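Asks: Keeping their order, the protein sequence lines are chains Z and E.
Take the first sequence: its position 616, counted from the start at 1, is 854 in my numbering, and no numbers get skipped.
Take the second sequence: its position 79, counted from the start at 1, is 86 in my numbering, and no numbers get skipped.
Every residue, glycine too, gets a C-beta built ideally from N, C-alpha and C.
A quick note: this is a predicted structure, and the numbers were derived from the prediction, not measured.
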Amino acid sequence: MEIEQIEILAFLQRHSPFQELPAEQLHQVALSIDIGYFKAGTTILRFNDPLHALHLIRSGAVETFRRNGDLYNRLSEGGIFGEQGLLRGAKVRFPATALEDTLIYFIPGEVFQQLFDDNEFFADYVEVGDSERRKTTKAARQAQSNLLSSTVSSLLNREPVSIGSNATVWQAAELMTEQNVSSLLILHHASEPALNGTLAGIITDKDIRARLVAPGLKSETPVIDIMSPDPITIDQQQYIFEAMTLMLRYNLHHLPVLKQRHPVGVIAISDIIRYESQHSLFVVSRIFRQQTVAELQALTTDVQACFVRMVNEDANSQMIGSAMAAIGRSVKQRLLELAETALGPPPVPYCFLALGSMARDEQLILTDQDNALILDNRFEPALHDSYFQQLAQFVSDGLAACGYTYCTGKIMATNPEWRQPLTVWQQYFRSWIEQPTAERLLHSSIFFDIDGVWGQTQWAEQLQQLVSSTARRKPLFLASMTRNALSRTPPLGFFKDFVMEQDGKHNNSLNIKRRGTAPFVDLIRIHALAIGSEASNSFNRLKDITDAAVLPKGRAEDLRDAFEVIAMTRIRHQAAALQQGLEPDNNVLPEQLSEFERKHLKEAFQVLSNAQKFLKFHFKA
Amino acid sequence: MLYLGPQKAKKTEDNAISTNWQQYYLQQAAQLKQPLLQQFYAKGMLAGHTPISQVPLVAIDFETTGFNPTDNGIVSIGLVPFNLQYIASSKARQWLLKPRFQLSDASVTVHRITHSEISNAPDLNSILPELLALLAGKVAVVHYRQIERPFFNAAITARLGEGMLFPLIDTLELEARLHRAKPLNWWDKVRRRQHVSIRLDASRNRYNLPPYQPHHAVTDAIASAELLQAQIAHRFSPDTPVSELWC
Numbered sequence: 239m240e241i242e243q244i245e246i247l248a249f250l251q252r253h254s255p256f257q258e259l260p261a262e263q264l265h266q267v268a269l270s271i272d273i274g275y276f277k278a279g280t281t282i283l284r285f286n287d288p289l290h291a292l293h294l295i296r297s298g299a300v301e302t303f304r305r306n307g308d309l310y311n312r313l314s315e316g317g318i319f320g321e322q323g324l325l326r327g328a329k330v331r332f333p334a335t336a337l338e339d340t341l342i343y344f345i346p347g348e349v350f351q352q353l354f355d356d357n358e359f360f361a362d363y364v365e366v367g368d369s370e371r372r373k374t375t376k377a378a379r380q381a382q383s384n385l386l387s388s389t390v391s392s393l394l395n396r397e398p399v400s401i402g403s404n405a406t407v408w409q410a411a412e413l414m415t416e417q418n419v420s421s422l423l424i425l426h427h428a429s430e431p432a433l434n435g436t437l438a439g440i441i442t443d444k445d446i447r448a449r450l451v452a453p454g455l456k457s458e459t460p461v462i463d464i465m466s467p468d469p470i471t472i473d474q475q476q477y478i479f480e481a482m483t484l485m486l487r488y489n490l491h492h493l494p495v496l497k498q499r500h501p502v503g504v505i506a507i508s509d510i511i512r513y514e515s516q517h518s519l520f521v522v523s524r525i526f527r528q529q530t531v532a533e534l535q536a537l538t539t540d541v542q543a544c545f546v547r548m549v550n551e552d553a554n555s556q557m558i559g560s561a562m563a564a565i566g567r568s569v570k571q572r573l574l575e576l577a578e579t580a581l582g583p584p585p586v587p588y589c590f591l592a593l594g595s596m597a598r599d600e601q602l603i604l605t606d607q608d609n610a611l612i613l614d615n616r617f618e619p620a621l622h623d624s625y626f627q628q629l630a631q632f633v634s635d636g637l638a639a640c641g642y643t644y645c646t647g648k649i650m651a652t653n654p655e656w657r658q659p660l661t662v663w664q665q666y667f668r669s670w671i672e673q674p675t676a677e678r679l680l681h682s683s684i685f686f687d688i689d690g691v692w693g694q695t696q697w698a699e700q701l702q703q704l705v706s707s708t709a710r711r712k713p714l715f716l717a718s719m720t721r722n723a724l725s726r727t728p729p730l731g732f733f734k735d736f737v738m739e740q741d742g743k744h745n746n747s748l749n750i751k752r753r754g755t756a757p758f759v760d761l762i763r764i765h766a767l768a769i770g771s772e773a774s775n776s777f778n779r780l781k782d783i784t785d786a787a788v789l790p791k792g793r794a795e796d797l798r799d800a801f802e803v804i805a806m807t808r809i810r811h812q813a814a815a816l817q818q819g820l821e822p823d824n825n826v827l828p829e830q831l832s833e834f835e836r837k838h839l840k841e842a843f844q845v846l847s848n849a850q851k852f853l854k855f856h857f858k859a
Numbered sequence: 008m009l010y011l012g013p014q015k016a017k018k019t020e021d022n023a024i025s026t027n028w029q030q031y032y033l034q035q036a037a038q039l040k041q042p043l044l045q046q047f048y049a050k051g052m053l054a055g056h057t058p059i060s061q062v063p064l065v066a067i068d069f070e071t072t073g074f075n076p077t078d079n080g081i082v083s084i085g086l087v088p089f090n091l092q093y094i095a096s097s098k099a100r101q102w103l104l105k106p107r108f109q110l111s112d113a114s115v116t117v118h119r120i121t122h123s124e125i126s127n128a129p130d131l132n133s134i135l136p137e138l139l140a141l142l143a144g145k146v147a148v149v150h151y152r153q154i155e156r157p158f159f160n161a162a163i164t165a166r167l168g169e170g171m172l173f174p175l176i177d178t179l180e181l182e183a184r185l186h187r188a189k190p191l192n193w194w195d196k197v198r199r200r201q202h203v204s205i206r207l208d209a210s211r212n213r214y215n216l217p218p219y220q221p222h223h224a225v226t227d228a229i230a231s232a233e234l235l236q237a238q239i240a241h242r243f244s245p246d247t248p249v250s251e252l253w254c
């Protein structure tokens, strides 16, 4: 008679990654299982012993250990162990001991291997540190979202309309009407052979109105006089979301697309909006139409809705972070325009800075305002400071009204220390880098993520270059930064509904920023500084780190994947709070996480923890 | 497993054989006429001093039409081979059988095996060769031997004209040794103190084993196997001679 393992089957049906299996396959798994009982305190697996089965905890609790005896994981009912040993030579890698009286279901190695090969979800659930597999799944997930997986070339549906740089505005306007386009590419004229056919500039309907008709110029004016020269472009191989990020960042409505330096098309804002249902581009353009702080404040709910929609549409953390940063940056820019309207033009030029997450393009919905002012070197406090003090106050209060809370560490332009001429800023940076102590750097690491938002943004770039050219030659500075970066460590994992610390103690909740994203960002920043990278986004920094080959092979990719897992957990947590009408925060409760998320998070924490150990060793902190 | 209290079962051949099962098997192999039974006993039995860790075990459970082996029959047998390390549930077997006695409505409510389900089931006779082969040379484990031992003996006698016995480790009896060593005294009775339950689920619970749906033959057999592993781990040792456990 056909046997039925009703208890075993019922148990499998309650736990990942088994409950996700097809019914027939699950039935076969249930029939393959053997069972064993382990009294509390007894050894279940010994290091390097042959391993024949995946171990599934039917009841009780188990601890697994590293070879050096450190606690590796603590698992309860439904937990699995032994998968790493099975995937690597069928030897026990993490010895295991019963913490409580425990009943184990043994799933034979062949059955495990079969499930691993056949079933994407199962493989993704059990594999650890197998970055090849993780990337495959990630790619599969991305394929669901066109925005993330499609290249810009897929948006191009017609040849670009262009005209030579020797044409007049009249000829350009005629061509635009005839071809029914709102923008026109201007190509270098054949008289310059080296540049022949390459992009010189772009004009739009709006340019003709604003730069020709309004000032009353003649229609015979050369088109090069009114075009936007050397416009921002994108390569056809880049992803649509990168095009979107660029358009957000620079508030562009037309983006020329190049193939080997020659234009092959133009993307208009409407092309992206077809893909981009969350309308972060709309939010940005609306920000610039608001006339008062109160009106800007009213956009807060739109910003939140945009954030939630991006999360629900499976955007990745880089996309969400850069969209939120673009929105935040636009709010700052608009506030500065409003401030200058109210206060009059500035007495000396200035640059308004974004620091921290906004500068890194990693902003979320819950964020401090971290900002500063670089002033022209001709700045005289007695004459000019009252203007900049008021300007800073206006922007800071406006940001607070729009949901960007005041920085508790007082890193704001309203603080006179952070409202200084360029020469003073250069001294600040030199002294941080040349006479470092961990204490002095404790609050200044945020200044190493810097972005010019408004005004003389080239000054921000100068400071950035000062940092990237000097910091990498200062081991003491890197060691001090490392010491601070190691002050925040990730937890070990989860046990039942608790967060488990490295020493096995339990906590009720996890601050995913303090214990996850923040130490990760710190770690990536130090490697980036050490190789002189000028990038500020953590993912871009990781690209530079990969190219510089300073980490063991594959490590930078593992860091990227692990960072994404932690960042998305934080993002989803905040989006869930917004959807439930709650105040978003960084405190994740283990019971809110699925088994799948817990497992991936645990692995990501492991990657971070190992990377911290490497950092400590590498920079001799 | 159908357990409703010791008072309902007759103490039959239980103490007939002391604990020298090895010798008993030799005798039986020589005396019995039925080839099936001869083969079974010819496989032999381990000596009583064998450590339990070296003993091949098989947990069995019967679902029956009632409690009295003279006028009730077996409707289902569950069986799972095991030892102290592994319960081979992947090699578990289960048979549905057509008893030679009427299935009572009361028993249907217990094990949920219906008249229609067993109307096409085979007689024990046809599965006997297979069943005996799985039991030969092994020590059987049950929870409450007053069902399995007399029912098996009665069913074999009815079919082959000769009875059979084999050693059993009774997980209920192992619990009783601990919790029924002393009868309740008058003071306990005054205080209406209850005996600790030694039923399967209650016993399992004391060793932190999970609750299972009862009265499914294979599940009950696995449940007894798990219980024996737990009892050995907590109260005996892998070196305990099997003679201290079987009866």
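With the cut-off set at 8 Å, would you say Thr-695(Z) and Cys-589(Z) are in Cβ contact?
Replies: Result yes, Cβ atoms of Thr-695(Z) and Cys-589(Z) sit closer than 8 Å.
Asks: Chain Z partners of Thr-226(E), CB-CB under 7 Å?
Replies: Residues of chain Z passing the Cβ test: Ile-244 and Glu-245.
Asks: By the three-class DSSP mapping on this structure, what secondary structure does Val-82(E) have?
Replies: Val-82(E) falls in the strand class under three-state DSSP.
Asks: I'd like the span of the beta strand (DSSP E) that includes Trp-656(Z), first residue to last.
Replies: From DSSP, Trp-656(Z) is part of no beta strand (DSSP E); its letter is neither H nor E.
Asks: Short of 7 Å in beta carbon distance, which residues of its chain neighbour Ala-849(Z), apart from the five on each side in sequence? Order them along the chain.
Replies: Cβ neighbours of Ala-849(Z) beyond the five flanking positions: Leu-761 and Leu-797.
Asks: I need the DSSP call for Pro-828(Z), collapsed to helix, strand or coil.
Replies: DSSP places Pro-828(Z) in helix when its eight states are reduced to three.
Asks: From the DSSP output, in three-state form, read off Pro-453(Z) for me.
Replies: Residue state, collapsed to three classes: coil.
Asks: From the beta carbon of Leu-9(E), is the nearest beta carbon of chain Z less than 8 Å away?
Replies: The predicted model places Leu-9(E) with a pLDDT of 48, which falls under 50 and marks its position as unreliable; any figure quoted below should be read in that light. Closer than 8 Å: no.
Asks: Could you tell me the alpha carbon to alpha carbon distance between Thr-675(Z) and Thr-643(Z), rounded to whole angstroms?
Replies: So the alpha carbons of these two residues sit roughly 29 Å apart.
Asks: His-681(Z): which of Tyr-666(Z), Val-691(Z) and Asp-689(Z) sits nearest, CA to CA?
Replies: Residue Tyr-666(Z) is the option with its Cα nearest to His-681(Z).
Asks: Comparing the C-beta of Arg-284(Z) with each C-beta of chain E, is any distance below 8 Å?
Replies: Chain E, which has no Cβ nearer than 8 Å to the Cβ of Arg-284(Z), makes this no.
Asks: Helix, strand or coil for Phe-285(Z), going by three-state DSSP, please let me know.
Replies: DSSP places Phe-285(Z) in coil when its eight states are reduced to three.
Asks: Is there a C-beta anywhere in chain Z that falls below 8 Å from the one on Leu-216(E)?
Replies: Yes, its Cβ sits closer than 8 Å to a Cβ of chain Z.
Asks: Which chain E residues are close to His-341(Z), counting only those with a beta carbon under 7 Å from its beta carbon?
Replies: For the sequence presented, residue 341(Z) should be read as Leu rather than His. By Cβ distance, chain E contributes Leu-216, Pro-217 and Glu-233.
Asks: Does any CB atom of chain E fall closer than 8 Å to the CB of Glu-262(Z)?
Replies: No - not a single Cβ of chain E is within 8 Å of the one on Glu-262(Z).
Asks: Classify Tyr-260(E): buried if its beta carbon has 16 or more other beta carbons within 10 angstroms, exposed otherwise.
Replies: Shown here, chain E extends from 8 to 254; a query on residue 260(E) therefore has no answer.
Asks: Listing by chain order, which chain Z residues have their CB less than 9 Å from the CB of Gln-30(E)?
Replies: By Cβ distance, chain Z contributes nothing, its closest Cβ being about 32 Å from Gln-30(E), past 9 Å.
Asks: Measure the Cβ-Cβ separation of Ile-81(E) and Val-87(E) and say whether it is below 8 Å.
Replies: Going by C-beta atoms, Ile-81(E) is not nearer than 8 Å to Val-87(E).
Asks: Could you name the residues of the stretch 275-299 of chain Z whose beta carbon sits closer than 9 Å to any beta carbon of chain E, in the order they occur along the chain?
Replies: Listed in sequence order: Tyr-275, Phe-276, Lys-277, Ala-278, Thr-280, Arg-296, Ser-297 and Gly-298.
Asks: What residues in its chain sit with their C-beta under 8 Å from that of Val-788(Z), if we drop five residues either side in the sequence?
Replies: Once the five neighbours on either side are set aside, the close Cβ partners of Val-788(Z) are His-765, Ala-768 and Ile-769.
Asks: Taking 8 Å as the CB-CB limit, is Ser-244(E) close to chain Z?
Replies: Not an interface residue.
Asks: What residues from chain Z crowd round Ala-95(E), counting only those whose CB sits closer than 9 Å?
Replies: Neighbours of Ala-95(E) on chain Z, chain order: Asp-272 and Ile-273.
Asks: Tell me whether Leu-394(Z) sits in a helix, a strand or coil according to DSSP, three-state version.
Replies: Coil, per DSSP.
Asks: Would you give the residue range spanned by the beta strand (DSSP E) that Gly-402(Z) belongs to?
Replies: Run containing Gly-402(Z): 400-402, per the beta strand (DSSP E) assignment.
Asks: For Cys-544(Z), which three-state DSSP category applies?
Replies: Three-state result, Cys-544(Z): helix.
Asks: Shortest alpha-carbon distance to Phe-479(Z) belongs to which of Ser-718(Z), Ile-558(Z) and Arg-793(Z)?
Replies: Considering only alpha carbons, the answer is Ile-558(Z).
Asks: Just verifying my parser: in three-state terms, what is the DSSP assignment at Arg-793(Z)?
Replies: In this structure, Arg-793(Z) counts as helix in the three-state DSSP scheme.
Asks: Quick check on Pro-248(E): does DSSP put it in helix, strand or coil?
Replies: Of the three classes helix, strand and coil, the one that applies to Pro-248(E) here is strand, per DSSP.
Asks: Identify each residue in the stretch 98-115 of chain E for which the Cβ-Cβ distance to at least one residue of chain Z is less than 9 Å, and report them in chain order.
Replies: The stretch 98-115 of chain E vs chain Z, Cβ under 9 Å: Lys-98, Ala-99, Arg-100, Gln-101, Trp-102 and Leu-103.
Asks: What's the call for Leu-353(Z), buried or exposed, on a 16-neighbour Cβ count within 10 Å?
Replies: Per the 10 Å Cβ criterion, buried.
Asks: Where do the ends of the beta strand (DSSP E) carrying Ser-555(Z) lie?
Replies: First-last for Ser-555(Z): 555-581, but that is the alpha helix (DSSP H), not the beta strand (DSSP E).
Asks: Out of Arg-752(Z), Thr-538(Z) and Ala-438(Z), which one is the CA nearest neighbour of Ala-638(Z)?
Replies: Out of Arg-752(Z), Thr-538(Z) and Ala-438(Z), Thr-538(Z) has the C-alpha closest to the C-alpha of Ala-638(Z).
Asks: Could you give the DSSP three-state label for Lys-497(Z): helix, strand or coil?
Replies: DSSP places Lys-497(Z) in strand when its eight states are reduced to three.
Asks: Enumerated in chain order, which unbroken segments of the beta strand (DSSP E) with a length of 3 residues or greater are wholly contained in the stretch 256-301 of chain Z?
Replies: Here the runs fully enclosed are 272-276, 281-283 and 291-297.
Asks: Do Ser-254(Z) and Asn-215(E) count as a contact pair if the criterion is CB distance below 8 Å?
Replies: It is not a contact, given that the beta carbons lie outside the stated cut-off.
Asks: Under a CB-based cut-off of 8 Å, is Ile-671(Z) close to chain E?
Replies: No, no contact with chain E.
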